[in-house]
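Numbering-wise (our numbering), the sequence shown opens with residue 9 and increments by one. Notes to accompany the following structure.
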Amino acid sequence: MKPLFTIHEGEFLVGDRINRRLGHKFDVWVPTKDSGVDLLVTRKRRQGKAVGLQVKFSRSFNIREEMARHLIATSWFTLDPVKVRKSQADLWVFVILTLKHEEHFVVIPTRELRKRIPRGSASKWNLYLWVFDDGSCYQVRDLGREETLDILHRGVRDRHRDFSEWLENWKLLDRLTGKAR
């Protein structure tokens with residue numbers, strides 16, 4: 009018998025995180041039809057709006073020695089810019105599983121992610137999100153070696169590469185579902 013649907017590791021980790029850390033407020037639902045939304049989140053008392061999540065998953069990989077002591081997670085996501093532009097999800101969640109099995113989540117509104125698609129990206133967008141020990145998160149794809157090392161001292165000057173605001177930003181669920189009264 010063929011299963012009706014399956015969830016991938018990233019979707020499981022997002023659902024688990026919401027249930028363990030925010031479960032007193034939210035329920036997580038798995039849609040039975042693939043509509044570009046991987047998970048739905050609602051308030052426990054069904055007050056407010058349901059929030060659709062698109063989830064992407066990446067395992068960390070080893071990185072150059074000089075970066076390793078400040079870098080806690082790396083990732084590589086390959087996105088289709090057309091799908092991002094057409095996405096019906098309210099939020100995109102990028103799940104990064106480190107080599108030490110620690111989880112990091114970049115929770116970003118779809119409209120903000122659309123603004124960050126590089127010009128000229130027609131078929132594929134490679135997104136490398138790196139999480140640093142100071143709580144910052146940057147998109148480092150296509151940076152030169154010196155620019156990559158410069159992240160440690162000054163960050164990245166291009167605000168479209170700075171994902172720090174969205175790292176572990178689960179407060180967006182409160183805002184989008186509407187706070188319970």
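Note that the Cβ used here is the ideal one computed from N, Cα and C, for glycine as well.
Straight through space, the alpha carbons of S43 and I26 are spaced by roughly 21 Å.
Here R67 is bridged, per DSSP, to L105. V90 carries a helical assignment under DSSP once its states are collapsed to helix, strand and coil. Excluding the 5 residues flanking it on each side, D182 has same chain C-beta neighbours closer than 8 Å at K33, in chain order.
Cα atoms of R93 and R122: separation of roughly 6 Å, rounded to the nearest angstrom. Here V36 is not near L21, since their CB atoms are 8 Å or more apart. When the alpha-carbon of T40 is set against those of V114, K91, T14 and H109, the nearest one is in T14.
DSSP lists no beta-bridge partner residue for L21.
Between the alpha carbons of F102 and D142 lies a distance of about 19 Å.
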